[in-house]
Amino acid sequence: MAKITYIEFNGAEHVVNVSDGISLMEGALGNGVPGIDGDCGGNAACATCHVYIDPAWVPKTGTMTDMEADMLDLADGRQDNSRLACQIHASAALDGLVVRMPETQH
Amino acid sequence: MATQPNLTADKAMKHTVPREDFQMVWPLPPRHRPNLKDYSAASLAAYLATAPLDEVDIADPMYWETDTHWTYFKRLRDESPIHFTGLNANRHRGYWSVTRWADVMAVDTNHQVFSSDAHLGGITLFDMDQDFIMPMFIAMDQPKHDVQRRAVNPIVSGQNLADFETLIRARTQEVLDGLPRGEVFDWVDRVSIELTSRMLATLFDFPQEHRRKLTYWSDIATADPEVPGNLQKDERQGVLMGMLQEFMGLWNERVNLAEPKGDLISMLAHNPATRYMPPMEFMGNLVLLIVGGNDTTRNSITGGLKFLNDNPAEYQKLRENPALIESLVSEIIRYQTPLAHMRRTALEDTILGGQHIRKGDKVVMWYVSGNRDERAIENPDAFIIDRPRARQHMSFGFGIHRCVGNRLAELQLKILWEEIMKRFDNIEVVAEPERVPSAFVKGYKSLMVRIPA
Ligand code: HEM
Ligand code: FES
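Protein chains in written order, with the working numbering: chain A, 4 to 109; chain B, 195 to 647.
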C-alpha cells in the first residue's frame with residue numbers, strides 16, 4: 004500500500020491509498036481523481052495518464068520502456084520528470100509519492 | 195486476372211504477394227463475389243453467418259454499404275482471430291485481419307515491426323497509389339513522423355481548444371436554430387457536414403464562404419475510383435492538384451509573416467520540420483488533416499442520432515440526465531468506429547497470435563471488431579450511454595499514431611449534444627440511412643430525420 008498525492012493542474016490535491024501492484028493510473032481512475040483518463044487501459048499507448056513525478060522520487064519509480072518514452076515524446080508539456088502513471092505500480096517504496104498533472108492530456 | 199491466374203483461388207497462400215511480384219493492373223480485375231440470388235442486406239447477412247471463413251473478402255464494399263460485416267468479424271474473433279484473406283488477392287495482394295482487442299493493441303503499439311510507411315503501401319488495406327504517393331505523417335515511421343506530428347499538435351492542444359469552445363458553441367447554436375420543424379430533412383447535409391466543414395475552415399483559416407470545397411476535397415480524397423459515379427483515377431488526381439494550388443496560395447500569403455498566425459497552414463509553413471516540404475508532401479499532410487478531421491467527426495455526429503433512435507431507453511436516459519453527455523460522446527465514437535481499420539506492413543518476420551507474419555505482409559487492425567470484442571468490453575454490442583469507462587475504446591487508435599484530433603472531436607460532439615438537448619426533446623430518424631460503401635471510412639451519405647413541430 005502506498006499513499007499517493009495527485010495534484011491537478013489547478014492545484015487541487017487528492018490523497019489516495021493505492022494497493023500494492025496497482026498502477027497509479029488505476030489508482031486515480033478507481034478513486035475518482037480527475038485529470039487522468041487512462042484511455043488505453045494501461046498499455047502505455049495513449050498518454051492520457053501523463054504525470055510529473057516529484058523530482059526527489061524519480062529514481063524510485065523505475066525505468067521507462069521504449070514505448071513509454073516514445074509516447075511521452077509526443078505528449079504536450081513533456082518534461083524530464085514526465086511519466087505515464089499506468090507504468091508505475093504502487094509499493095511500500097512509493098509511500099508518500101507526489102505526482103502532478105500537466106495542463107492537458109490527449 | 196489473366197496475368198495472375200492462381201491468386202484468386204489459392205487458399206493455401208498465407209502471405210501478402212510481395213510488391214515486386216505483383217503486377218498492378220488498372221482497372222482492377224473484377225471482384226470474386228459469392229453466388230447469391232441477390233446482394234441485399236438479408237442475403238449477405240445470411241451468407242456471412244455460415245460461409246467458409248476463407249471464402250469471404252470482407253474488404254468488399256458491399257458488406258459495408260449493407261452494414262452486414264458484424265457476423266463475420268464475430269466469427270473471426272472466435273475462430274480465427276489472426277486471419278489471412280487470399281480471396282481477391284489479385285486486387286489487394288492478400289492481407290491479415292486482426293480482430294481481437296488485445297491483438298489490435300499489440301500491433302498498434304509495435305511500430306518497430308509494423309510500419310505505416312506510404313512507400314510500403316501506407317495505412318489502408320488498399321495500397322496507396324504508387325504512382326501518386328502523397329507522403330503524410332500518418333503514413334510515416336519514426337523519426338520523421340514525430341517531428342511532423344509535433345509541428346501541428348499545438349492546434350488541438352489545451353489552450354487552443356479552450357479558445358475554440360465559444361466559437362464552436364455559437365456556430366452549433368446557429369446551425370441548430372436554422373433547422374426546420376415538422377419537415378423531413380437530411381441530417382448529414384444540414385448538421386453533420388455543415389458543422390464539420392465550418393470547423394475545418396477555422397483550423398485552416400480557409401475562407402468560410404468556400405468551406406464546402408473542403409468537404410468536396412475530403413470526399414474526393416477518400417472516394418473509391420471503382421465505385422460507379424466516382425471520379426476516375428486521373429480526374430481525382432487533377433482535383434487534388436487543384437486543391438494543392440489553392441493551399442499554396444494561402445501558404446505563400448502566410449509563410450513570410452513576421453508574426454505567424456495560429457492556423458494549420460501557418461504552423462506547417464513556420465515550423466522548420468515542415469517548412470521545406472516538397473509539394474506532394476504538403477498535399478499529403480493537407481489530405482490527412484482534411485480527411486482526419488472531417489469524415490470521422492461528421493459520421494460520429496450522424497451515428498449518434500441514429501443510435502439514440504435505435505435505443506429509445508438510452509435516449510430517455512439522456513433526456514432525464516444531460517450530465518451523461520460526456521460518456522455518451524465516447525460511446526457514440528466507440529459504437530460508430532468512424533475509421534473501420536488501419537493497416538500496417540510487417541518490416542520483419544514475426545509471430546502474432548500464433549500466426550507467422552512474414553516480412554512484407556499487410557496487417558489490418560480492425561478497430562470496428564476490437565470495439566466489439568467481448569473479451570475486452572462487457573456487452574459490446576449494446577449502445578449504453580452511461581457505460582463505465584466509456585473512454586476505453588479503440589476508435590482513435592493507440593500508440594504513436596493515436597489520433598491527434600481526439601479532444602477536438604469530443605469537444606465538438608459534446609457541445610452539439612448539449613445544444614441539441616437544450617432545444618429539442620426529440621429528433622426522429624424517419625428512414626434507414628444510406629451508408630458509405632467503404633471498408634475504411636465507416637459512415638453515412640444521408641440520414642433523413644424530422645423534428646416534431
Ligand atoms: C471521431 C473523430 C475521429 C476519429 C474516430 C479519428 C480516428 C483516427 C484514427 C483511428 C487514427 C489513426 C490511429 C492509429 O493509427 O493508431 C487517427 C489519426 C489522426 N487523426 Fe483522427 N480521428 C478523429 C478526428 C480527428 C480530428 C478532428 C482531427 C484533426 C483536427 C484528426 C486528425 C488526425 C491526425 C492528424 C492523425 C494522424 C496522427 C499520427 O499519425 O500521428 N482526427 N485518427
Ligand atoms: S493509460 Fe494509456 S498510456 Fe497510461
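Beta carbons are placed, not taken as given, at the ideal position from N, Cα and C, and that holds for glycine.
Taking 3 residues as the minimum length, the beta strand (DSSP E) runs contained wholly in the region 356 to 413 of chain B are 378 to 380, in order along the chain. A straight line joining the alpha-carbon of residue 60 of chain A with that of residue 9 of chain A spans about 14 Å.
For the pair residue 284 of chain B and residue 246 of chain B, the CB atoms are not nearer than the 7 Å cut-off. Chain B places a beta carbon closer than 7 Å to that of residue 46 of chain A, counting this residue as a contact. Within the chosen limit of 6 Å, the ligand FES reaches the beta carbon of residue 28 of chain A through at least one heavy atom. Here residue 345 of chain B has 461, 462, 465, 467, 468 as same chain residues with Cβ atoms under 8 Å from its own Cβ, once five neighbours each way along the sequence are excluded. When DSSP states are grouped into helix, strand and coil, residue 351 of chain B belongs to the coil group. Selection around the ligand FES by beta-carbon proximity, strictly under 7 Å to any non-hydrogen atom, yields A:28, A:41, A:42, A:43, A:44, A:45, A:46, A:47, A:48, A:49, A:50, A:51, A:52, A:74, A:87, A:88, A:89, A:90 in chain order. Excluding residues up to 5 positions away in sequence, 375, 376 lie with their Cβ nearer than 7 Å to the Cβ of residue 647 of chain B in the same chain. Taking every protein chain shown into account, the CB of residue 220 of chain B has fewer than 16 other CB atoms within 10 angstroms, so this residue is exposed. Annotated as proximal: residue 319 of chain B and residue 253 of chain B, with beta-carbon spacing under 7 Å.
Exclusion of residue 213 of chain B from the 6 Å shell around the ligand HEM follows from its C-beta lying no nearer than that to any non-hydrogen atom of the ligand.
Closest in C-alpha terms to residue 555 of chain B, from the list B:453, B:310, B:471, B:275, comes B:310.
The criterion of a C-beta distance shorter than 7 Å is satisfied by residue 282 of chain B and residue 251 of chain B. The closest CA to that of residue 209 of chain B, considering only B:244, B:368, B:276, is found on B:276.
Selection B:472, B:603, B:384, B:434 evaluated against residue 415 of chain B yields B:434 as nearest (Cα-Cα). Judged by DSSP in its simplified three-state form, residue 488 of chain B adopts helix. The beta-carbon separation of residue 538 of chain B and residue 308 of chain B, rounded to 4 Å, stays under the 8 Å limit for a contact. Taken atom to atom, the span from the alpha-carbon of residue 37 of chain A to that of residue 625 of chain B is near 41 Å. Residue 20 of chain A carries a strand assignment under DSSP once its states are collapsed to helix, strand and coil. Separation of residue 400 of chain B and residue 293 of chain B (C-alpha to C-alpha, rounded to the nearest whole angstrom) is 39 Å. Per DSSP, reduced to three states, the secondary structure at residue 109 of chain A is coil, with no helix or strand assignment. By the neighbour-count definition (other C-beta atoms within 10 Å, threshold 16), residue 406 of chain B is an exposed residue. Put simply, the CB of residue 594 of chain B is near chain A, with a gap under 7 Å to one of its CB atoms. The continuous alpha helix (DSSP H) containing residue 461 of chain B extends over residues 458 to 464. Residue 442 of chain B: not part of any beta strand (DSSP E); member of the alpha helix (DSSP H) spanning 427 to 449, first to last residue. Put simply, the CB of residue 79 of chain A is near chain B, with a gap under 7 Å to one of its CB atoms. Note that the region 588 to 607 of chain B touches the region 30 to 48 of chain A; at least 3 beta-carbon pairs, one per stretch, sit closer than 8 Å.
For residue 526 of chain B, the distance from the CB to the nearest heavy atom of the ligand HEM is not below 6 Å. Closer than 7 Å to the CB of residue 53 of chain A there is not a single CB belonging to chain B. For residue 209 of chain B, the three-state secondary structure derived from DSSP is coil. Bridge pairing for residue 103 of chain A: A:10, A:55 [DSSP].
Beta-bridge annotation (DSSP): residue 622 of chain B is paired with B:644. Taken atom to atom, the span from the alpha-carbon of residue 296 of chain B to that of residue 501 of chain B is near 26 Å. Along the region 289 to 302 of chain B, going in chain order, the ones with a CB nearer than 8 Å to a CB of chain A are 299, 302. Chain-order list of chain B residues neighbouring residue 43 of chain A: 592, by C-beta distance under 7 Å.
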